[in-house]
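**Student:** Dropping a structure here in structure tokens format, bear with me for questions.
Protein chains: 6
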Amino acid sequence: MKGITKLQVGEQVDQFLLIKQATKGVTTVGKPFMSLILQDRSGDIEAKLWDTNEEHETTYRAEAIVRVGGEIHDYRGKNQLRIKQIRLARGDEGIQISDLLPSATTPKEELFEELTQFFFEIKNPNISRITRHLIKKHQDRLLVFPAASKNHHDYASGLIDHVVSMLRLSKAICELYPTLNKDLMYSGIILHDIGKVVELTGPVGTAYTVEGNLLGHISIMVNEIGQAATELKIEGEEVMLLQHLVLSHHGKEEWGSPKKPMIQEAEMIHYIDNIDAKMNMLTRALDKTKPGEFTERLFPLDNRSFYKPTF
Amino acid sequence: MKGITKLQVGEQVDQFLLIKQATKGVTTVGKPFMSLILQDRSGDIEAKLWDTNEEHETTYRAEAIVRVGGEIHDYRGKNQLRIKQIRLARGDEGIQISDLLPSATTPKEELFEELTQFFFEIKNPNISRITRHLIKKHQDRLLVFPAASKNHHDYASGLIDHVVSMLRLSKAICELYPTLNKDLMYSGIILHDIGKVVELTGPVGTAYTVEGNLLGHISIMVNEIGQAATELKIEGEEVMLLQHLVLSHHGKEEWGSPKKPMIQEAEMIHYIDNIDAKMNMLTRALDKTKPGEFTERLFPLDNRSFYKPTF
Amino acid sequence: MKGITKLQVGEQVDQFLLIKQATKGVTTVGKPFMSLILQDRSGDIEAKLWDTNEEHETTYRAEAIVRVGGEIHDYRGKNQLRIKQIRLARGDEGIQISDLLPSATTPKEELFEELTQFFFEIKNPNISRITRHLIKKHQDRLLVFPAASKNHHDYASGLIDHVVSMLRLSKAICELYPTLNKDLMYSGIILHDIGKVVELTGPVGTAYTVEGNLLGHISIMVNEIGQAATELKIEGEEVMLLQHLVLSHHGKEEWGSPKKPMIQEAEMIHYIDNIDAKMNMLTRALDKTKPGEFTERLFPLDNRSFYKPTF
Amino acid sequence: MKGITKLQVGEQVDQFLLIKQATKGVTTVGKPFMSLILQDRSGDIEAKLWDTNEEHETTYRAEAIVRVGGEIHDYRGKNQLRIKQIRLARGDEGIQISDLLPSATTPKEELFEELTQFFFEIKNPNISRITRHLIKKHQDRLLVFPAASKNHHDYASGLIDHVVSMLRLSKAICELYPTLNKDLMYSGIILHDIGKVVELTGPVGTAYTVEGNLLGHISIMVNEIGQAATELKIEGEEVMLLQHLVLSHHGKEEWGSPKKPMIQEAEMIHYIDNIDAKMNMLTRALDKTKPGEFTERLFPLDNRSFYKPTF
Amino acid sequence: MKGITKLQVGEQVDQFLLIKQATKGVTTVGKPFMSLILQDRSGDIEAKLWDTNEEHETTYRAEAIVRVGGEIHDYRGKNQLRIKQIRLARGDEGIQISDLLPSATTPKEELFEELTQFFFEIKNPNISRITRHLIKKHQDRLLVFPAASKNHHDYASGLIDHVVSMLRLSKAICELYPTLNKDLMYSGIILHDIGKVVELTGPVGTAYTVEGNLLGHISIMVNEIGQAATELKIEGEEVMLLQHLVLSHHGKEEWGSPKKPMIQEAEMIHYIDNIDAKMNMLTRALDKTKPGEFTERLFPLDNRSFYKPTF
Amino acid sequence: MKGITKLQVGEQVDQFLLIKQATKGVTTVGKPFMSLILQDRSGDIEAKLWDTNEEHETTYRAEAIVRVGGEIHDYRGKNQLRIKQIRLARGDEGIQISDLLPSATTPKEELFEELTQFFFEIKNPNISRITRHLIKKHQDRLLVFPAASKNHHDYASGLIDHVVSMLRLSKAICELYPTLNKDLMYSGIILHDIGKVVELTGPVGTAYTVEGNLLGHISIMVNEIGQAATELKIEGEEVMLLQHLVLSHHGKEEWGSPKKPMIQEAEMIHYIDNIDAKMNMLTRALDKTKPGEFTERLFPLDNRSFYKPTF
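In order, the protein sequences belong to chains A, B, C, D, E and F.
First residue of the first sequence? That's 14 in our numbering, and the numbers climb one at a time after it.
First residue of the second sequence? That's 14 in our numbering, and the numbers climb one at a time after it.
First residue of the third sequence? That's 14 in our numbering, and the numbers climb one at a time after it.
First residue of the fourth sequence? That's 14 in our numbering, and the numbers climb one at a time after it.
First residue of the fifth sequence? That's 14 in our numbering, and the numbers climb one at a time after it.
First residue of the sixth sequence? That's 14 in our numbering, and the numbers climb one at a time after it.
Structure, rendered in structure tokens:
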């Protein structure tokens, strides 16, 4: 079955979808309706449910799985789903939320296996032990969390997808610039965003936790490195440097790093993080664009549209 | 005896002074000399030592106490000390470095006693226990460290002087704006800058430590609050809020706070910190200025000169 | 009777309300309707009036008092008033506009009495005479004007409420920082915003006057101080300093002060003004927020949401 | 006699010069000397006086006229005057300070005559009366003051030179854009900078007065327009508009205008002021530059160097 | 017949109009409609067409000429056209698109004649030949293109209107500042924006071409000057200076000029360009505003509203 | 023989050096001297020549090769060379300027061979032909020019060193992000900075040419691509895209790119350029720094000092 975002205007729909977001509304003549955002692995689509009542509002909430019949139509240049039938999925139909979440193309187990291979290349015992301690502590969430609530790698297992992609790039770069310390590079990349598993709520309807809002993933992880070192009775410059790598990976104070990078590995991790995030957004945007045309505006890329060449 | 900064041009000098900084130079005709910055409790003054040799350079280093004879003269509108005799102080002359450091006017013991009174007003047991733990841990350094290497409260015991001044102001403000939580206010103020005792090297020749440069006093203290909570087995929102108070007290990302204030007590601590720092600089600058004239330019106050009214 | 903003969804309404704003609209099928903003002392609420005609448009205008029957319902997460009956209030029903305006909690007469007490503490005769002259000139409007058209102290008598609150805070601060000149502080605070009575139109449907737009309350008041001094035949530095205090109270050129503060009292008045304005907004926003949740975004506080702790 | 800035390295000097600035110094071997800035109508040059004593320091002060013998030499690529003889000018030698000040090329009386012609074209009686009142009040200083202490029109009569040049340009512009009100344009230009006669100390050793620092020429003039209107019993929109023209002529809050231009004449006066100031600097800088080379860096023009074409 | 923007609410419409833009919509109850922007020489107006079907959507597209019957009504304070009848214009009715486009008031042939007169004043043969070559190459489009897709001179022949207006202003300025090189001024103004004929699509439904987006009119024209010089076998500083004039006319890097102005003529062309663009917007906005009121907000003028005086 | 920058304080010098810069000075007692910057392949050092006369000044100019005897001493913490003997090198001593210029470690012929290999991987004939044309046109200068006058790759053959390093990195990146077009990447990198061979004067005493100042290497190269396409009769999107790659490689308008990157290859070339430039500076600065210490401040890296870890 084709993904919901791949259908053309006029095509019929009859499939299971996950309610990502549900909002009540009132038409200008005072009649209640609901706006739903429905998703499957391919992405999401907007849908309207007219003439709703209170029962609809309690039934069709975020995170519910529904079976929907309807048709794709065009609304102001964007596809929308006109709902004709809708009902909740039954337990015996065997549909899982994870079946309907967009997620990394590579299975998460393979990604974790690849991450582990990079981890084994870390030689410094202090760095290696702290890194292992924190991977193990957060392993379950690391495998399924997105890297962000929107923009880049904002899908199930997006976090590990992003980390592994950065590790691959850092390997090539370490060969070209051999003064870089591979142990710091690999450990810094593995740890830099793990704080996201505390900052965010999870892969479905991703939002910020209170702790995420008040402390942020950077401070959360800097704390955890300190606590890990205490627990493992590790002292030495390595602890401070790993904390610095996490602290500074946004590159500038105004982007949320209380210190700018002050070792070369920190500077490079900041570059690699940026490249991988931007390429993830660009690739997805260009994938939806025809040759000779421009992508939609990409807010985190200074709101630019990118051109797709014709050759 | 008058302080070294209170002397007029032409007055004779014969007193013990602390070398704050010593730099070698070569005149334009190739002769070696030394530039010294000499200080006592009243502040510091520049001095030149001509026709020096290697022995001078090894003898007259920073942190040495010297007995100096000479005269004040004017150099480009600023007082300078022309050295006629100089020698190292002898151990039996009984001069301590602390006798020659500028420091808070109120004795540090009295300041600590006042801080303790404020501490006792904290009712919430979690907040109280974490605060006591960290005061005790850093008590020795808290009593003698400056609050900064330059600009405001940059003298021995400047840190506790600043903290107590902020506590007094916060007390008045809590009465005027009763929705503020006094426990969070007092604890937040006591803890907000203690990280400086790790960030800075101490009251003499104050500089940044490597950890101070790479992590900064904010992250250092956020970590310590986390570690204290673990050690004291304290859980609950209080821990996160104290961390947030420290994290956000610079007010903005570009000023080194990875999160802006997101509770009202954090917002207010940021204001109080700012007022007390600025008033410390302003009062000292105006103290050196005659009515009807302008202070020197104050860099952290947007490089402004302030006018001292004639009435 | 409960204030209009205190009612829950589903509660019935039958009370007098003031029309703050009335806008015509057309539904997407071409039928006319009106959007009304209705207010009482507790604040305001949006309401829709369907199927309106020209008579409705001329009857239900801003500043009219109406008797409304209806019910509270939820529209996109905000309360709205569904109007069932509406009519103009009759003169014999004795409802005044001032009965329906949000206003300072303390009666304006008490606030003025408190302001007068502070005024009596001014010792310098030149400062005292200019201040009295301008208080008397604008006394009527000073008692009823808001301090702004939106954001902080944007209610009847908000201006004097703000001024008195600043005076209280400045009293505490003058005790802690005794180099501050109390005469300049009190007079500067009393005068700093009086220009608002020319800049704004008044407490109902507050907007900017042409003079407010083209000159602004700062320049208006600087002029008035000059004119008062001429009239009272006062010469001397005090006139210039009072003008400077008003001129610089926004703190920076980009915030509308043609000169930054250049005396310490000016710097401090800028801080106090800021604190009182921000706390007014914060207190009101937190008052509407449940513990464990965040306030709505507050635009003048960098668009931040603030968290309300659970303890 | 050639102006002091027109002499080549190696040429002999024997002429009267004005001391613009005098600073004491000490050589690196402790010998006193003085740095003088000496000027005549052509501009200024640096000079050193070696082995000075206290008598030199009291004799050769700023604003003294001296007779100097010496030679031009090159110091780090800039011309410097090597003093061989120096003495104070005697009263009977008949040299006036004004003989040695750089000043506008056109005599100030001619400039004032031209300004008067523009003034007579103002038709609106309110605008005309206020303008005449203020021209008369400040006429003496308007004729001799510079427009600034440095950068543009920073010479005797520079203010009126600048105003007349702007009037000429505005005449051409009013013909091309006929919706502009000529009365507002001419009066606004005449008044916009007159506050400088209070802001600055005068044409010799130009500095800021206290009032200039604390209020600035913009607020000073806005006040004077208000006072003039009161005195002349003029009411009406013209007063407010003239005040707005002065208030807004720096164009932006961060450049010292508390309000941005809000009438078209204000916008245009801001442009004309900018063009005339920039062209004054550019013309003088290019005048000193050879074809095929770049001018020195011009700080108020974003620190740019300008190229002088070879054709 | 009155222009469509000059009609009052309630007036009947029956005339030919050009569809500038056509957008599909769906009402909140799911019924399709179209939003049209219709224009004639006086400007444009919004209109709604209810209960549309696919045939409407294919018939009433941008650039179609239609005959419309209907009535003006008020929608949220702006005039809107309620369509009662609509049909396509027939070929035999003889209406051209150019009859319905807003355009320069002066006929394009007269503007071109005036431009030619300025061109003839250029003396330098290299500058003259390059300028003529490029005028001839782009003459057809230069006569009809707008200077922009919105904001200033955004109408048919707006480009040449803008260029000629700048030439007139530059003539007056060259007389007042005689160091300016008239050849560079006139040629620079003529060439500075011709790249717009490649950057934009044309006078109807003006948009950016792909080349316009990726290279921009500045780089396009700098290239063309280079190519013209090669073709005409012209060498010498003139080529580089003309390229620099075009390159720098936006004044700053952040406004799209890769180099700031570095010759005085470049600086002045930047000022003249700015003045003419701003006055074009201001004049049109004030023309629609009553005395004593403010214009709508003008985005390119810092989003300001301008006041129209009452006298 | 050890390079001049590798010598310790106290070591004797007797070797050929190139005068990079020569400046006249006068001591505070009026005696002339010269400041020289002398260099060999290892870098440069400052030296003073006392009691100079006019003959010295004409003999010891920039680009002269001299034989110098002397000793290294310490001046304010930096090494300086005390000259004892100095004379011009004689023609028969066979020393070339290129023997004394710092340059790329890899021989320029090898770098060019590697660049050629990358070039051969370009498949698109239009891209390939334009690229070859421009490589050939500038081949001589491309082999010896630096990439900048200071900061990164500021040595002989620095330009080709930088380009080849970027090509290596882009190869690895194209493998990790396969949607990137290799032809555009390789050609864009080869061409992006070739304009430097016109913008700069050459490898000795590198400065900006007039054309470099007024047009800049970006516009120069965009022109050359256009001219090459005309000459080779190539049309098609490739020309525009290559121009866009060069145009946008500084990433932002304020950094001198008139257009931001708008194709993904442009975005990536900007990242790669940045990484390679920054790593070049960082590696050289860290090379001069001991473990446990900080580098000097690096201006183009936000003036940061970088820490060199101890492990």
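From the three backbone atoms N, C-alpha and C, an ideal C-beta is built for every residue, glycine too.
#1: Which residue comes first and which comes last in the alpha helix (DSSP H) that contains LEU227 (chain C)?
#2: Measure the beta-carbon distance from PRO313 (chain F) to MET294 (chain F) and round it to whole angstroms, keeping in mind my assumption that it falls under 8 angstroms.
#3: For HIS146 (chain F) and PRO191 (chain F), what's the separation of their Cα atoms in angstroms?
#4: Give me the Cβ distance between ASN139 (chain A) and GLY249 (chain A), rounded to the nearest whole Å; I'm assuming they're in contact under 8 angstroms.
#5: Given a cut-off of 9 angstroms, decide if LYS301 (chain E) and ASN226 (chain F) are closer than it, judged by their beta-carbon atoms.
#6: Where in the stretch 180 to 225 of chain E do unbroken runs of the alpha helix (DSSP H), each at least 4 residues long, occur, reported from the N-terminal end onward?
#7: Report the residue from A:HIS166, A:GLY215 and A:HIS205 whose alpha carbon sits nearest the alpha carbon of PRO274 (chain A).
#8: If we call anything under 9 angstroms between Cβ atoms a contact, is ARG100 (chain A) one with VAL79 (chain A)?
#9: Measure how close the beta-carbons of PHE125 (chain F) and LEU156 (chain F) come, nearest whole angstrom, since I'm counting them as under 8 angstroms.
#10: Assuming LEU254 (chain B) is part of the beta strand (DSSP E), what are its boundary residues?
#11: Along chain D, which residues have their Cβ under 9 angstroms away from the Cβ of MET281 (chain C)?
#12: Which residue or residues does DSSP assign as beta-bridge partners of THR36 (chain F)?
#13: Does GLY249 (chain B) come within less than 9 angstroms of chain H when only Cβ atoms are used?
#14: Can you tell me whether GLU212 (chain E) is buried or exposed? The criterion is at least 16 other CB atoms within 10 Å of its CB, across all chains shown.
#15: How many Å lie between SER162 (chain C) and THR219 (chain C) at the Cα?
#16: Here's the rule: buried if 16 or more other CB atoms are within 10 angstroms of the residue's CB, otherwise exposed. What is GLY82 (chain B)?
#17: Is it a yes or a no for the stretch 48 to 58 of chain A touching the stretch 17 to 33 of chain A, going by three-plus beta-carbon pairs under 8 angstroms?
#18: Suppose you measure from the CA of GLN130 (chain C) to the CA of LYS321 (chain C); what does that come to, to the nearest Å?
#19: Run the CB neighbour count on PHE319 (chain C), radius 10 Å, all protein chains shown included, and call it buried at 16 or more, exposed below.
#20: What in chain F is Cβ-close to VAL235 (chain E), meaning under 7 angstroms?
#21: Determine the burial state of GLN256 (chain E): buried for a count of at least 16 other Cβ atoms within 10 Å of its Cβ, exposed for fewer.
#22: Report yes or no: is there a C-beta of chain F within less than 9 angstroms of the C-beta of GLN98 (chain A)?
#23: Less than 9 angstroms between CB atoms is the rule here; does VAL211 (chain A) satisfy it with respect to chain C?
#24: What alpha helix (DSSP H) runs, 4 residues minimum, are completely inside the stretch 237 to 317 of chain D?
#25: On the three-state DSSP scale, how would you describe SER116 (chain B)?
#26: Using a beta-carbon distance below 9 angstroms, is GLN277 (chain B) in contact with chain C?
#27: Per DSSP, what kind of secondary structure is ILE108 (chain D) in: helix, strand or coil?
#28: In the DSSP output, which residue or residues are listed as bridge partners for PHE29 (chain F)?
#29: Can you find the residues in the same chain that come closer than 6 angstroms, C-beta to C-beta, to SER178 (chain C), ignoring five residues on each side of it along the sequence?
#30: Would you kindly work out how many angstroms separate the C-alpha atoms of ALA75 (chain D) and ILE110 (chain D), rounded to a whole number?
#31: Go ahead and pull the three-state DSSP assignment for ARG74 (chain D).
**Tutor:** Per the coordinate set shown:
#1: Unbroken alpha helix (DSSP H) run through LEU227 (chain C): 223 to 227.
#2: Rounded, the Cβ-Cβ distance is 7 angstroms, consistent with contact.
#3: Taking the straight line from one Cα to the other gives about 28 angstroms.
#4: By a beta-carbon distance limit of 8 angstroms, ASN139 (chain A) contacts GLY249 (chain A). Their separation comes to about 6 angstroms.
#5: Between ASN226 (chain F) and LYS301 (chain E), the CB-CB gap reaches or exceeds 9 angstroms.
#6: Entirely contained in the stretch 180 to 225 of chain E, the alpha helix (DSSP H) runs reaching 4 residues are, in chain order, 195 to 205 and 209 to 212.
#7: Ranking the options by Cα distance to PRO274 (chain A), first place goes to A:HIS205.
#8: Taking a C-beta distance under 9 angstroms as the contact criterion, ARG100 (chain A) and VAL79 (chain A) qualify as a contact pair.
#9: Between the beta-carbon of PHE125 (chain F) and that of LEU156 (chain F) there is about 6 angstroms, and that keeps the pair under the 8 angstroms contact cut.
#10: It is not in any beta strand (DSSP E) - LEU254 (chain B) instead sits in the alpha helix (DSSP H) that spans 250 to 260.
#11: Going along chain D, no residue has its Cβ under 9 angstroms from MET281 (chain C), so there is no contact; the nearest lies around 16 angstroms.
#12: For THR36 (chain F), which the question treats as bridged, DSSP gives the partners F:SER48.
#13: Of the protein chains in this structure, namely A, B, C, D, E and F, none is chain H.
#14: Its Cβ being crowded by 16 or more others within 10 Å, GLU212 (chain E) is buried.
#15: SER162 (chain C) and THR219 (chain C) have their alpha carbons spaced roughly 5 angstroms apart.
#16: The residue is exposed, with fewer than 16 neighbouring Cβ atoms inside 10 Å.
#17: Touching, yes.
#18: In this structure, the straight-line span from the alpha carbon of GLN130 (chain C) to that of LYS321 (chain C) is close to 36 angstroms.
#19: A residue is called buried when at least 16 other Cβ atoms come within 10 angstroms of its Cβ; PHE319 (chain C) meets this threshold and is buried.
#20: Within 7 angstroms Cβ-Cβ: SER232 and ASN236.
#21: It counts as buried.
#22: GLN98 (chain A) has a beta carbon lying at 9 angstroms or more from every beta carbon in chain F.
#23: No, no contact with chain C.
#24: The stretch 237 to 317 of chain D is shown to contain whole alpha helix (DSSP H) runs of 4 or more residues at 250 to 260 and 277 to 300, in chain order.
#25: In the displayed model, SER116 (chain B) falls within a strand according to three-state DSSP.
#26: Under the Cβ distance rule, GLN277 (chain B) counts among the residues neighbouring chain C, one pair being separated by less than 9 angstroms.
#27: Three-state result, ILE108 (chain D): coil.
#28: Partner(s): F:ARG80.
#29: Cβ neighbours of SER178 (chain C) beyond the five flanking positions: ASP289.
#30: Answer to the nearest angstrom: the Cα atoms are 11 angstroms apart.
#31: The answer is coil: DSSP assigns ARG74 (chain D) none of H, G, I, E or B.
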